[in-house]
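>
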Amino acid sequence: MSNRNLSEGSVHEAAHCVAALLHGIRILQASVDGEVTLQPPGDSLEQGRHHGALAAAYAVVALSGQAAAPNTGMSKSDQQLLEHSIFLGSWADDPDDMCCALSALAARFVIDHRDEIEKLAFVLAQRGTMSGTEIEELLEGLGNDG
Numbered sequence: 006m007s008n009r010n011l012s013e014g015s016v017h018e019a020a021h022c023v024a025a026l027l028h029g030i031r032i033l034q035a036s037v038d039g040e041v042t043l044q045p046p047g048d049s050l051e052q053g054r055h056h057g058a059l060a061a062a063y064a065v066v067a068l069s070g071q072a073a074a075p076n077t078g079m080s081k082s083d084q085q086l087l088e089h090s091i092f093l094g095s096w097a098d099d100p101d102d103m104c105c106a107l108s109a110l111a112a113r114f115v116i117d118h119r120d121e122i123e124k125l126a127f128v129l130a131q132r133g134t135m136s137g138t139e140i141e142e143l144l145e146g147l148g149n150d151g
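The opening residue of the sequence shown carries number 6 in this note's numbering; numbering runs sequentially from there.
(1) Where does S36 fall in DSSP's three states?
(2) Using three-state DSSP, classify S82 as helix, strand or coil.
(3) Any contact between the segment 92-107 and the segment 123-141? By contact I mean 3 or more CB pairs, one from each, below 8 Å.
(4) Report the residue ranges of all beta strand (DSSP E) runs contained in full by the segment 103-138; include only those spanning at least 3 residues, in chain order.
(5) When you compare the CB positions of L125 and L110, do they come within less than 8 Å of one another, or not?
(6) By DSSP, does L87 sit in helix, in strand, or in coil?
(7) Under 8 Å Cβ to Cβ from M79, same chain only, skipping five residues before and after it: list those, please.
(8) Excluding the 5 residues preceding and the 5 following A74 in the sequence, name in chain order all residues of the same chain whose CB lies nearer than 6 Å to its CB.
(9) Alpha carbon to alpha carbon, what distance is there between A97 and R119?
(10) When DSSP labels each residue in this structure, what does L59 get in the three-state scheme?
(11) So what does DSSP say about L11, is it helix, strand or coil?
(12) Taking the alpha carbon of V65 as the point to measure from, which residue in I32, T42 and H28 has its own alpha carbon closest?
(13) I'd like to know whether the C-beta of M79 is nearer than 8 Å to at least one C-beta of chain C.
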């Protein structure tokens, strides 16, 4: 499957989804129209996940859409998720330096998971909207394809 056959919007949203699931963040719903609803971080913190690790995971989710489809930029909700993740991490480093480092992590993530992102983007483009459960089942199935 070639990325040029997919809309940039579906690739952008699919990247958010793949990044969320592979970082242990549940997706409630995703739409090709530009909305991915995630489980709030409080649930993961209550289960004992470290603030820094969770913050980095949410930052990669926020940045992966633009990393996968650079022409789409970052939406207001992507920027807000990134800002919240940097706040949650309470890193002592300069926020701009942290954004640069986290952007590199997101870019590497997209390179490593491009096939899953494009396969999900194709299905998401066809359906328009998917529940988190549907996305989880699809990605589980993709992992078993070999």
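From the three backbone atoms N, C-alpha and C, an ideal C-beta is built for every residue, glycine too.
A quick look at the data gives this:
(1) strand
(2) helix
(3) no
(4) If only complete runs of 3 or more residues are kept, the segment 103-138 shows the beta strand (DSSP E) at 134-136, in order along the chain.
(5) no
(6) Three-state result, L87: helix.
(7) Taking M79 as the centre and dropping the five residues before and after it, the same chain places the C-beta of A67, L68, G70, Q71 and L87 closer than 8 Å to its C-beta, in chain order.
(8) E13, V16 and H17
(9) 32 Å
(10) Here L59 sits in helix by DSSP.
(11) coil
(12) H28
(13) Given the protein chain composition of this structure (a single chain), no chain C is represented.
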